[in-house]
Amino acid sequence: MHCMICGGPTAYYFSKQYDGPYGIFMTDIPSVDYAICGSCGFVFSMTHQALDADRWSRLNVEFHDHCAQVPYDQKPNSPPYAEQALMLGLAATGTIIDASSMLDYAGGRGILSRLVADLFAMRLDVYEPFVRDEGVSYLDKGDLTKYKVVFNSAMFEHVLCRQDLDDVNDLVDPDGVLIVHTVVGERVPQDPSWFYLTPPVHTAFHTNRSMAVLMEQWGYTCSIYAPKAKSWILLKGDVSRVLDQADAINRRLKTQWLIAKEGFVDYWK
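If you're matching positions, the sequence shown starts at 5 in the working numbering and goes up one per residue.
What follows is the structure in structure tokens.
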């Protein structure tokens, strides 16, 4: 089996048993086997890739319905929605992004969309294939078009194949940006107890190298990382202009709120 990111050779890495609090969702899947790419370090679940579409959909719906019932102060590792909304607002006013058309791909229950509307009067459309919230106006897949900004929060770790990733990037306008919120480090620990494996719907785990490869394949030249938002903005075009725009925002805030560089910002080592 070849890596979905770089095409390199992969090999068995480790296995995990879901016998903890989320074992109820995995009663028919006693063990999950993970493989690693020897070239870029990308790690993925071979077990999840073998699931049929109905079982994968049911796992997502059941798990996210369960999470929706958990009190907000008891949810582990929730996305930093407020910081992400602020990042979008700052990036728009700083002309880093064009907020005239924005999509939250796999946007869940629309929390970020509502925050962006309330705080900055900006429109962030939502596409979500698995869950629904009564207060959100969702786009159907057939309604999707090209966008100046495509945001995906905690989605890159849910993919089963390369097409899942390409489907997101294909929605970015030729001069638009892709924003990614996920965990990216120098390497994925060979540890079944690693915190990011806890949700049974997490299937793909990226490294600085694998993200750099994706950027190059998709034509992005530089990136900005917002540590408080835990999100990367991937951009094309003039690198020096992006560096100046990020620096202007940092000087305005009197802190290094954004980190910009050519290629992928390998913030987490």
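Using N, Cα and C, we set each Cβ at its ideal position, and we do this for glycine too.
Grab me the residues of residue i's own chain with a C-beta within less than 6 Å of its C-beta, minus the 5 sequence neighbours each way, in chain order.
i      : result
Met126 : Ala103 and Val120
Cys41  : Cys7, Gly12 and Thr14
Glu161 : Thr186, His206 and Ala208
Gly189 : Trp272
Ser43  : Cys10 and Gly12
Leu94  : Ile253
Ala250 : Ile228, Leu262 and Ala264
Phe124 : Gly93
Gln260 : Asn254
Tyr26  : Pro204
DSSP state of residue i, grouped into three classes?
i      : result
Gly24  : coil
Ile40  : strand
Gly266 : This sequence places Glu at residue 266; Gly is not what is there. Here Glu266 sits in strand by DSSP.
Ala54  : coil
Ala15  : strand
Phe48  : strand
Please confirm whether residue i has its beta-carbon closer than 8 Å to some beta-carbon of chain B.
i     : result
Ser35 : The displayed structure is made up of one protein chain only, and chain B is not part of it.
Inspect the beta-carbon positions of residue i and residue j and report whether they are closer than 8 Å.
i      : j      : result
Ile101 : Val153 : yes
Trp60  : Leu164 : yes
Asp108 : Val130 : yes
Tyr238 : Tyr224 : A small correction: the amino acid at residue 238 is Leu; Tyr does not occupy that position in the sequence shown. A contact, by the Cβ cut-off of 8 Å.
Asp137 : Arg113 : yes
Ala57  : Phe48  : no
Leu182 : Leu148 : no
Phe67  : Phe18  : no
Met50  : Asp37  : yes
Lys150 : Asp177 : yes
If you drop the 5 nearest sequence neighbours on each side, which residues of the same chain put their C-beta closer than 7 Å to that of residue i?
i      : result
Pro83  : Ser157, Ala158 and His185
Gly111 : Ser117, Val130, Tyr131 and Glu132
Gly45  : Arg191, Val192, Thr211, Arg213 and Ser214
Asn173 : Leu182 and Trp222
Tyr16  : Asp37 and Ala39
Near residue i, what residues of its chain come up, given a Cβ to Cβ distance below 8 Å and the 5 sequence neighbours on each side ignored?
i     : result
Gln53 : Leu164, Cys165 and Thr207
(request) Would you mind listing the beta strand (DSSP E) stretches within the segment 71-156 that are 3+ residues and don't spill past its ends, in chain order? (result) 106-109 and 129-131
(message) Count Cβ pairs between the segment 191-207 and the segment 30-47 that sit closer than 8 Å; are there 3 or more?
(response) yes
(message) Quick test of the definition: if touching needs 3 or more C-beta pairs under 8 Å, does the segment 190-198 touch the segment 236-254?
(response) no
(message) Would you call the segment 106-117 in contact with the segment 131-142, where contact means no fewer than 3 C-beta pairs closer than 8 Å?
(response) Taking a cut-off of 8 Å for Cβ pairs, the segment 106-117 and the segment 131-142 touch, as three or more such pairs fall below it.
(message) Using a Cβ distance threshold of 8 Å, determine whether the segment 212-226 contacts the segment 262-269, with at least three qualifying pairs required.
(response) yes
(message) Does the segment 86-99 come into contact with the segment 220-239, if we say contact requires no fewer than three beta-carbon pairs (one atom in each stretch) closer than 8 Å?
(response) yes
(message) Which runs of the alpha helix (DSSP H) at least 4 residues long sit entirely within the segment 176-244? Give them in chain order.
(response) Correct list: 212-222.
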